[in-house]
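Student: Handing you a structure now.
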Amino acid sequence: MEYKGYKIEHKDNKVIVEGVLDFDPVHVFDCGQCFRWIKQLDQSYTGVAYGRAINVKCQDAILELSNTDIEDFKNIWFDYFDLGRDYSYIKEKVMKDEIMKEAVKFGSGIRLLKQDIWETLISFIISANNRIPRIMKTVDEISRTYGREIEMDGGKYYAFPGIQELSGATLEGLERSGAGFRCKYIMSAARVIDEGQISLGSVASMDISDARSYLMKFQGVGPKVADCTLLYSGTKYDVFPTDVWVKRVMEELYFKREASFGEIQEFARDYFGEYAGFAQQYLFYYARQNRIGAK
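The numbering used here numbers the first residue of the sequence shown as 572 and each following residue consecutively.
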C-alpha cells in the first residue's frame, strides 16, 4: 500500500518501507540525540520509544521495522523518524560553505528524531557533565526500575517511566541509577509537572526565547539542556545547542578565535536561520567522529 509517498508492507511482524532516502541508522542513533538505541551484531539497532520496543534496519532505501504494525507506523514511527521531511532540501539549505558540505557528506544519513519531550528533558538533564555511555546506562537503569516491562523476541525491555512514576520516586531509589547529583533535578522536574506548576505542552506555541526561558524554570536546566530538549523532541528546529565542546568546535571551524556563547548563538541564528538545529547536528556528529575541538 502507499502511504504519504512511501510504499509500505506489513509482513512477519515487520513493517517494510520502500523509498526512504537520507536514513543511515548509524548516523541517526549514534549522533548524540538519543540514548535508548543499541547496535546489534547484524548492524541493526534495537531500541525503545513511546512504550514500544522495535528493531530498525535500513539499506538501499528500504527501512525495516521489526516488532510493529502498520497502525503504529502511521501513528508513531512515521513522525518519530521524521519521514515526512525532505532531507535533501534541508541539506541544500545548510550547505552554505565547504565546512558544512563536508559535515553533511559525513553525516548524510542523519534524521532528527521526534522524541517524547518528557523523556528528552530528563535524558538531557542526565547528560549534563556526562558521557554518552554513562547517560545511556543511567536512562536504562531508570527505565528498568520505574518503567513498564516490554517483551520482544524473548528479550525484556523497559519503557521510559512517565511523570507520575518518577514523581513518586525516592532520592535513594534514583541514586541507584547512577544519575548522581542530577537525581534531585529529576525528582523536582517530575513533581512540578505533576503538580501543574509547569506544562511541557505549552512550549510548542512559544517563540524560541520564551520556550528556552520556560524550560530553564526546571532545576538543573540551563540553555544547552533546554535547547536539546526543544530540538530532539521535534518542538523547535531553529535552536543551536551549545556547550563548551560545541563552542570549541565553532571557534576552530568558523571563528578562528575565542568566541562567546552569545556570539555563537547569534552567528547560528543569522547564518542558518530556521535550519540551525539541523546544521548543529551535522556539525556535532562530524566534529565528534573526527575529534575536532577535542583537547
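All residues carry an ideal CB built from backbone N, CA and C; glycine is no exception.
Please read these numbers as outputs of a predicted model, since none were measured by experiment.
1. Cα separation between Asp595 and Arg862?
2. Under DSSP, the beta strand (DSSP E) around Met723 begins and ends at which residues?
3. Out of Gly833, Ile693 and Asp687, which one is the CA nearest neighbour of Pro812?
4. Please say whether Tyr717 and Leu684 have beta carbons closer to each other than 8 Å?
5. Per DSSP, which one or two residues make a beta bridge with Gly618?
6. Can you tell me the Cα-Cα spacing of Gly749 and Asn626, whole angstroms?
7. With the cut-off set at 8 Å, would you say Arg607 and Gly618 are in Cβ contact?
8. Which same chain residues end up closer than 6 Å to Val588 when comparing Cβ atoms and leaving out the 5 residues on each side of it in sequence?
9. State the Cα-Cα distance for the pair Gln860 and Glu669, rounded to the nearest angstrom.
10. Closest to Ile713 by CA distance: which of Thr741, Thr800, Gln851 and Val774 is it?
11. Give the DSSP-derived three-state secondary structure of Gly726 in the structure shown.
12. May I have the straight-line CA-CA distance separating Ser698 from Ile641, to the nearest angstrom?
Tutor: Looking at the atomic coordinates:
1. 21 Å
2. Glu720 to Met723
3. Gly833
4. no
5. Trp608 and Ile625
6. 27 Å
7. yes
8. Tyr577, Ile579 and Leu634
9. 18 Å
10. Thr741
11. strand
12. 34 Å
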